[in-house]
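Number of protein chains: 2
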Amino acid sequence: MAKKPGIPKGTRDFSPTEVARRQYIMQTIRHGFEKFGFHPIETPSFENLDTLLGKYGEEGDRLIFKILNSGDYLSKVDETILESKNSLKLTNQISEKALRYDLTVPFARYVVMHQNEIDFPFKRYQMQPVWRADRPQKGRYREFYQCDADVIGSKSLWQEVEFVTLYDRVFTALGVHGVTIKLNNRKILSGIAEVIGASDKLIDFTVALDKLDKIGEDGVKAEMIEKGIEAEAIDKVKLLFNFTGTFEEKLEKLRQLLATSEEGTKGVEELAFVGKEVEKIGLATAKLNLDVTLARGLNYYTGAIFEIGAPETVKLGSIGGGGRYDDLTGIFGLKDMSGVGISFGLDRIYLVMEELNLFPEAVNAASKVMFLNMGEEEMSYSMQAVMKLRDAGVKTELYPDKAKVGKQFQFADKKGIPFAVLVGSEEMSNNKFTLKELASGEQTVVSLEELIERLK
Amino acid sequence: MAKKPGIPKGTRDFSPTEVARRQYIMQTIRHGFEKFGFHPIETPSFENLDTLLGKYGEEGDRLIFKILNSGDYLSKVDETILESKNSLKLTNQISEKALRYDLTVPFARYVVMHQNEIDFPFKRYQMQPVWRADRPQKGRYREFYQCDADVIGSKSLWQEVEFVTLYDRVFTALGVHGVTIKLNNRKILSGIAEVIGASDKLIDFTVALDKLDKIGEDGVKAEMIEKGIEAEAIDKVKLLFNFTGTFEEKLEKLRQLLATSEEGTKGVEELAFVGKEVEKIGLATAKLNLDVTLARGLNYYTGAIFEIGAPETVKLGSIGGGGRYDDLTGIFGLKDMSGVGISFGLDRIYLVMEELNLFPEAVNAASKVMFLNMGEEEMSYSMQAVMKLRDAGVKTELYPDKAKVGKQFQFADKKGIPFAVLVGSEEMSNNKFTLKELASGEQTVVSLEELIERLK
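Read top to bottom, the protein sequences are chains A and B.
Numbering follows my numbering, with no gaps: position 336 of the first sequence is 336.
Numbering follows my numbering, with no gaps: position 31 of the second sequence is 31.
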């Protein structure tokens with residue numbers, strides 16, 4: 001019983017400072033979502049197992065945390081399954097629920113269940129934890145928050161324009177300036193696949209192309225050939241090896257390259273619309289970049305693909321992403337609902353802000369002032385002031401036990417409380433308070449009104 | 001696959017309005033906690049199974065949701081257990097983690113694990129969901145939030161004073177006026193048990209006494225005798241059958257009644273201190289009531305016991321509670337840490353506020369204004385205004401697709417959006433916007449600056 005307790009691997013305790021900082025990030029994202037007209041929903045932490053299974057591929061199914069049925073869950077289990085010791089088969093018999101693996105499938109389930117209450121297009125955001133039985137490693141946890149915004153029921157490209165500006169405004173508000181909003185389109189990738197005549201090699205192609213900066217044109221070509229892409233095909237897309245310039249210049253190159261592909265050309269036009277409207281609106285601190293190597297979510301995205309690169313000084317990779325998917329709710333029987341959504345990577349954003357020292361001074365859990373405990377009578381006298389300060393919105397605590405003054409000051413100091421109030425017989429008879437600023441050591445005797453004024 | 005999806009029994013989806021209202025309650029409680037010097041922590045949703053088991057009694061152990069181990073969890077299981085189909089024995093072999101059942105045990109585990117980083121007394125608050133495999137019924141769910149504040153490492157009675165005033169201030173801020181803060185003390189209950197000479201009958205005694213209003217003195221006495229309490233013992237505490245008057249008058253009765261009990265007398269003095277200091281401070285809208293029938297948490301509380309009664313016009317019972325426990329962290333090997341804490345019942349408070357119509361008008365998820373979509377050119381013109389409004393903090397959305405104006409107005413109306421903006425060729429050439437208030441139908445043509453001014 002008395003052995004030192006621990007927590008499951010891949011999970012975390014959050015200290016007061018960490019909670020305050022995480023809440024600051026989440027509040028800023030939340031305000032961004034709401035200003036852009038998104039509405040919050042919340043779904044249960046666990047879903048019926050059959051809602052989740054089969055939605056994330058075989059590997060995903062394995063990583064879903066299943067919840068054991070309550071009570072005598074073995075009583076109805078087929079004995080042959082027990083005898084065979086087949087874990088996979090037994091799971092379905094002793095588990096009916098599982099912790100959600102992401103927020104997208106629960107959202108699709110929500111939309112289908114509540115379709116008669118919802119006015120489409122439906123703009124929802126959701127900020128809740130998800131769980132994955134992944135092997136834990138640096139920056140990868142078994143419990144983590146996702147912060148998602150999606151629109152469902154509209155094919156309008158204005159949604160893509162909105163998401164680009166939303167990313168810009170939220171990162172600007174967080175002080176994370178200079179993020180790169182990478183934009184691509186699934187249809188452009190399909191066009192490239194068409195042109196190189198090898199749609200099954202698309203991932204190999206984009207992975208190799210992404211290494212251009214590191215291994216140069218010859219290196220990339222060698223890798224492509226090694227992966228089985230024909231030299232002739234590579235030659236057809238040679239424009240991509242010199243894929244520089246402005247958004248508009250890149251678009252022009254793609255127009256040429258994909259002229260023979262109907263789908264590719266459609267992708268170019270979609271990107272052109274988004275690029276043009278975003279430029280007219282103007283981004284506050286982010287940069288928009290057309291990146292044809294961006295191939296995330298290739299299996300489900302059907303239009304725009306987004307990814308957010310951290311500011312260049314930080315080596316952290318992606319801190320957000322998303323895209324358009326044409327049939328999110330089809331898995332639950334509601335057809336033809338186009339959706340588009342983005343996600344903010346809370347843990348990564350936290351690391352970026354920590355590294356760049358971007359958390360405002362005021363974002364911490366410390367109280368503003370502590371009243372010292374000089375005895376019962378003094379405390380009793382102090383309580384009126386304590387409550388008036390709180391009613392005025394000042395975070396105020398009191399040292400609960402009578403202790404040496406030095407110890408009490410040390411306590412306030414360790415906790416980062418900037419002010420202390422002392423009350424002795426003199427203060428009580430004059431109806432005053434001694435306010436001490438701990439950093440400077442400066443002390444002033446003040447009235448209650450002055451005290452509130454100083455600390456508010 | 002296409003069958004209509006559902007959610008596990010006892011769980012809930014929350015709509016945008018419900019999330020907005022729940023967040024309003026939680027924000028208000030959070031501000032209260034912080035103004036009183038409490039700091040937030042968060043712990044993982046699941047704990048190691050052995051952290052939780054044995055802490056909530058046999059019934060509690062049954063109601064804990066266990067998580068199935070990942071991978072081939074049966075491979076190491078003893079075959080005789082499988083053959084015996086003993087669910088209870090198998091659980092420990094195939095499950096190492098479980099969803100938290102409350103926030104108190106994880107808090108104790110946190111304190112012990114992080115004792116070297118914590119400066120005591122430690123005032124923490126925590127607002128996170130907990131899970132119980134209880135039979136679902138009206139107002140009882142399998143997933144629900146707890147909102148707890150505790151102080152650990154201080155025996156000072158000022159903590160009790162603080163919690164009474166904290167309850168008062170939070171319910172006042174929520175607009176829930178007239179709650180009753182019921183106060184009792186475990187030592188008084190022990191004193192009564194001593195006086196009636198039947199400590200094993202204490203629960204029966206308080207349950208019967210609690211029915212005084214309903215079944216009268218004779219009824220209560222009959223029930224007590226039926227439960228095996230001696231008539232002579234009942235006579236010794238007859239003062240409790242006329243237990244009315246002010247806080248001070250009730251205390252006086254208890255002083256007499258418990259004069260022979262050292263522990264009971266100590267309980268009276270503790271209550272007297274809290275009552276006196278609370279009265280000096282003054283409660284804004286709550287009432288303090290000494291209630292000797294309050295016997296919640298009899299197994300773990302050692303001092304003060306709190307319970308919050310909803311305003312009398314609402315028949316809802318307890319909407320919060322707490323108490324002092326002398327050895328919270330002992331179960332994890334850290335001795336002599338006295339703690340005291342309270343909890344707000346989020347779901348019940350929600351019901352009270354709904355019934356009394358206390359949610360402010362502004363607490364909903366609706367946007368303030370929607371820009372109609374009159375075509376691509378008009379949208380493109382509108383976007384500057386859309387973004388300026390958002391940058392000014394106004395929740396602004398746009399109708400993403402070109403559709404009949406009537407349909408677009410209907411959409412805004414259904415969603416409770418109070419204003420709409422229309423842009424046509426005239427507005428564009430004059431650099432203006434037509435602002436329509438949907439309720440009155442009133443339309444005005446305004447400049448961008450006026451638009452922001454009107455909607456801010």
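Just so you know, even glycine gets a beta-carbon here, dropped at the ideal spot from N, CA and C.
Checklist line | Uninterrupted alpha helix (DSSP H) stretches inside the segment 37-68 of chain A (no shorter than 4 residues) | finding: 49-52, 57-63
Notebook entry, point to check: So the alpha helix (DSSP H) Leu174 (chain A) belongs to, where does it begin and stop?
Noted result: 158-174 is the extent of the alpha helix (DSSP H) around Leu174 (chain A).
Note to self: Less than 7 angstroms between the C-beta atoms of Lys287 (chain B) and Thr172 (chain B), yes or no?
What the structure shows: no
Checklist line | Coarse secondary structure for Phe120 (chain B), derived from DSSP in three states | finding: Coil.
Check: Would the segment 68-80 of chain A and the segment 298-307 of chain A be scored as touching if the rule is three or more Cβ pairs under 8 angstroms?
Finding: The segment 68-80 of chain A is not in contact with the segment 298-307 of chain A.
Next item on the list: Tell me, please, which residues DSSP counts as bridged to Pro418 (chain B).
Entry: According to DSSP, Pro418 (chain B) bridges with nothing at all.
Next item on the list: For Ile7 (chain A), decide whether its Cβ has a neighbour in chain B, counting only Cβ atoms nearer than 7 angstroms.
Entry: yes
Next item on the list: With 9 angstroms as the C-beta to C-beta threshold (strictly closer), list the residues of the segment 247-281 of chain B near chain A in chain order.
Entry: Phe273, Lys276, Glu277, Lys280, Ile281
Margin query: Beta-carbon within less than 6 angstroms of Val445 (chain A)'s beta-carbon, same chain only, minus the 5 sequence neighbours each way: which residues are those?
Written below: Same-chain partners within the cutoff: Lys432, Thr434.
Margin query: Can you pull the chain A neighbours of Glu397 (chain B), defined as C-beta to C-beta under 8 angstroms?
Written below: Phe36, Gly37, Lys123
Margin query: Determine whether the beta carbon atoms of Thr43 (chain B) and Pro106 (chain B) lie at a separation below 7 angstroms.
Written below: yes
Item checked: Runs of beta strand (DSSP E) wholly within the segment 90-121 of chain A (minimum 3 residues, chain order) -> 95-99
Notebook entry, point to check: DSSP state of Asn242 (chain A), grouped into three classes?
Noted result: Helix at Asn242 (chain A).
Notebook entry, point to check: How far does the beta strand (DSSP E) with Ala304 (chain A) in it reach, from first residue to last?
Noted result: 304-309
Checklist line | Nearest-angstrom Cα separation, counted from Ala222 (chain A) out to Ser199 (chain A) | finding: 19 angstroms
Item checked: Classification of Ala295 (chain B) by the beta-carbon crowding that lies within 10 angstroms, buried from 16 upward -> buried
Next item on the list: Quick one: residues in its chain with C-beta nearer than 7 angstroms to the C-beta of Val278 (chain A), no 5 flanking neighbours on either side, listed in chain order?
Entry: Val161, Val164, Thr165, Leu288
Item checked: Helix, strand or coil at Ser15 (chain A) [DSSP, three-state] -> coil
Check: So is Thr43 (chain A) in contact with chain B if we call contact Cβ pairs under 7 angstroms?
Finding: By this cut-off, Thr43 (chain A) is an interface position.
Notebook entry, point to check: If contact means a Cβ-Cβ distance below 8 angstroms, which residues of the segment 94-119 of chain B contact chain A?
Noted result: Ile94, Ser95, Glu96, Lys97, Leu99, Arg109, Tyr110, Val112, Met113, His114, Glu117, Asp119
Check: When we look at the beta-carbon of Ser429 (chain A) and count the other beta-carbons within 10 Å, is it buried (16 or more) or exposed?
Finding: exposed
Check: Is Leu438 (chain A) helix, strand or coil by DSSP?
Finding: coil
Notebook entry, point to check: Using a C-beta to C-beta distance shorter than 8 angstroms, which residues of chain A count as neighbours of Ile67 (chain B)?
Noted result: Phe65, Lys66, Ile67, Leu68, Leu99
Next item on the list: Check the DSSP bridge columns for Ile342 (chain B) and list the partner residues they point to.
Entry: B:Ala149, B:Gly322
Note to self: Could you give the first and the last residue of the continuous beta strand (DSSP E) run that contains Gln443 (chain A)?
What the structure shows: 443-446
Note to self: Just verifying my parser: in three-state terms, what is the DSSP assignment at Met337 (chain B)?
What the structure shows: coil
Check: From Lys9 (chain B) to Ala284 (chain A), what does the alpha carbon distance come to, in whole angstroms?
Finding: 46 angstroms
Next item on the list: Assign Asn357 (chain A) to one of two classes, buried (16 or more other C-beta atoms within 10 Å of its C-beta) or exposed (fewer than that).
Entry: When all chains shown are included, Asn357 (chain A) counts as exposed.
Next item on the list: Return no unless some Cβ of chain B is closer than 7 angstroms to the Cβ of Lys85 (chain A).
Entry: With 7 angstroms as the cut-off, Lys85 (chain A) counts as an interface residue toward chain B.
Check: In this structure, what does DSSP give as the bridge partners for Leu183 (chain B)?
Finding: B:Leu290, B:Phe306
Notebook entry, point to check: Phe411 (chain A) touches chain B at which residues, Cβ-Cβ below 8 angstroms?
Noted result: The answer, in chain order, is Asp119.
Notebook entry, point to check: Looking at the structure shown, is Met1 (chain B) part of a helix, part of a strand, or coil, going by DSSP?
Noted result: Confidence in Met1 (chain B) is poor, its pLDDT being 45 and thus under 50, which makes the residue's placement unreliable; the coordinate value appears in the next sentence. Met1 (chain B) falls in the coil class under three-state DSSP.
Item checked: Opening and closing residue of the alpha helix (DSSP H) in which Met383 (chain B) lies -> 376-391
Next item on the list: Look at Lys368 (chain B) and Val394 (chain B) and say whether their C-beta atoms are less than 7 angstroms apart.
Entry: yes
Margin query: 7 angstroms is my cut-off, CB to CB: does Lys414 (chain A) come that close to chain B?
Written below: yes
Notebook entry, point to check: With a cut-off of 8 angstroms, do at least 3 Cβ pairs link the segment 192-208 of chain B to the segment 253-267 of chain B?
Noted result: yes
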